[in-house]
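Worksheet for the structure shown next.
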Amino acid sequence: MSARCVVCGGNRLDEHLAVAGEQGPDGLIPTTDQFGTALSDIVRCADCGHMQLRAIPTEAELEQAYGEAASDDYVEEEAGQRVTARVLLERLERHVEKGSLVDLGCWVGFLLDEARTRGWDPVTGVEPSTFASGYARDRLGLDVRTDDLMTADLPSGAHQAVVLGDVIEHLPEPGDALDRIRELLAPGGGVMLMLPDAGSRLASVMGARWWSVIPTHVHYFTRASLTRLLADHGFELRHLGTTPKAFTVRYYLERIGGYSPPLSRALVAGAGAVGVADRIWAPDFRDRMAAIAVRS
Ligand SMILES: [Zn+2]
């Protein structure tokens with residue numbers, strides 16, 4: 031149980047969204063389609079606006095929530111992910127000199143592969159999923175270790191960039207992760223984070239039905255709370271922008287199935303009929319953010 035905000039330490043945590051899920055015999059089943067359910071209700075810090083689960087889950091509870099989180103979506107949607115990675119790396123390169131890059135939670139390694147093509151060297155990934163890390167090694171020939179994100183054995187002070195994409199919102203202690211990343215970075219190095227923006231207009235309007243309210247999310251950062259956490263852990267913010275995900279039209283329409291399966295099926299069929307289902311699309315709903323911050 032946590033009665034304190036992980037960002038500012040404040041203890042005035044107000045009820046924000048009542049979304050605690052029913053635990054079935056197999057725990058909560060986490061899928062990208064199961065919106066509006068979390069491991070406990072979401073509270074909002076009256077002092078800094080950060081949102082988090084009222085009861086911060088233990089590692090064991092989180093592990094159970096992850097269950098069988100194998101997803102083929104992220105392999106099928108390769109082209110879109112590569113487009114997204116290139117846009118992000120281009121931004122990173124405006125603030126950090128190319129050199130050694132580490133992707134913590136690299137999944138199947140598309141961003142690492144794009145980084146390697148752009149001249150980052152060496153590129154290294156850490157990924158706990160056996161399926162995803164194996165794919166990165168066997169199919170893309172990348173140096174990706176199947177290991178824990180925060181304890182994997184990597185040289186200290188040796189990397190120009192650390193990437194943390196869609197990871198920090200899952201960690202019970204995000205500040206510890208930033209300390210670890212700071213230790214890995216060389217002087218002048220920087221971290222790039224991609225994550226949902228819980229302070230966005232879309233998140234406010236959607237409330238519990240926002241796509242990011244899912245069982246494995248522990249923290250709901252706003253631009254302000256992320257900026258504050260970075261500063262408190264020795265980082266100077268250089269860039270904070272939105273980062274739309276590029277996917278096929280089919281992928282987006284299928285995600286609507288989390289809200290309405292019949293509507294989703296009808297839309298996918300319609301898109302297929304007019305021949306646009308495989309087109310790459312990157313609509314900016316402005317509810318995902320990318321931050322780049324350097325070691326201060
Ligand atoms: Zn706070």
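All the letters of the sequence shown, read from the start, carry residue numbers 31 to 326 under our numbering. Cβ atoms here follow ideal geometry from the backbone N, Cα and C, with glycine treated the same way.
Return the chain-ordered list of same chain residues with a C-beta closer than 6 Å to the C-beta of residue i, the five sequence neighbours on each side being excluded.
{"i": "R316", "result": "S230 and T272"}
{"i": "R34", "result": "N41"}
{"i": "D177", "result": "V156"}
{"i": "L297", "result": "L283"}
{"i": "R48", "result": "Reading off the sequence shown, one finds Ala at residue 48, where the question assumed Arg. Contacts found: D71."}
Whose C-beta lies closer than 8 Å to the C-beta of residue i among residues of the same chain, with five residues either side of it excluded?
{"i": "P87", "result": "L69, S70, A95, P202 and V248"}
My output table needs one value for residue i: the three-state DSSP class, helix, strand or coil.
{"i": "F277", "result": "strand"}
{"i": "R212", "result": "helix"}
{"i": "A180", "result": "The sequence given here has Met at residue 180, not Ala. Note: M180 maps to coil in three-state DSSP."}
{"i": "L134", "result": "strand"}
{"i": "D173", "result": "strand"}
{"i": "P291", "result": "helix"}
{"i": "L69", "result": "coil"}
{"i": "G155", "result": "strand"}
{"i": "D63", "result": "The pLDDT assigned to D63 is 49, lower than 50, so where the model puts this residue is not dependable; a value taken from the coordinates is nonetheless given after this. D63 falls in the coil class under three-state DSSP."}
{"i": "P204", "result": "helix"}
{"i": "A254", "result": "helix"}
{"i": "G187", "result": "coil"}
{"i": "A85", "result": "coil"}
{"i": "T272", "result": "strand"}
{"i": "A33", "result": "coil"}
{"i": "A90", "result": "helix"}
{"i": "R318", "result": "strand"}
{"i": "E98", "result": "Its pLDDT being 45, under 50, E98 is placed unreliably in this model, and the value from its coordinates should be taken loosely. If DSSP states are grouped into helix, strand and coil, E98 belongs with coil."}
Report all residues from its chain with a CB closer than 7 Å to the CB of residue i; omit the five preceding and five following residues, and keep chain order.
{"i": "R258", "result": "V37, C38 and C78"}
{"i": "S186", "result": "E213 and L214"}
{"i": "A17", "result": "A question about residue 17 goes unanswered here, because the residues of the chain that appear run from 31 up to 326."}
{"i": "I322", "result": "R121, L122, H125, G220, M222, R268 and H269"}
{"i": "H263", "result": "G205, L208, D209 and R212"}
Can you name the residues that DSSP bridges to residue i?
{"i": "F265", "result": "R325"}
{"i": "W311", "result": "F277"}
{"i": "A50", "result": "A68"}
{"i": "Y165", "result": "The partner list for Y165 (beta bridge, DSSP) is empty, contrary to what the question assumes."}
{"i": "H80", "result": "In the DSSP output, where bridge partners are listed per residue, H80 has none listed."}
{"i": "L141", "result": "Bridge partners of L141: none, in fact."}
{"i": "V193", "result": "D133 and M222"}
{"i": "L43", "result": "C75"}
{"i": "H125", "result": "In DSSP, H125 forms no bridge with anything."}
{"i": "H249", "result": "Q82"}
State buried or exposed for residue i, treating a residue as buried only when at least 16 other CB atoms are found within 10 Å of its CB.
{"i": "R169", "result": "exposed"}
{"i": "A166", "result": "buried"}
{"i": "P204", "result": "buried"}
{"i": "D143", "result": "buried"}
{"i": "E107", "result": "buried"}
{"i": "G149", "result": "exposed"}
{"i": "E127", "result": "exposed"}
{"i": "P313", "result": "exposed"}
task = Assess, as a yes-or-no matter, whether the region 239-256 is touched by the region 187-196 under the definition of 3 or more beta carbon pairs within less than 8 Å.
result = no
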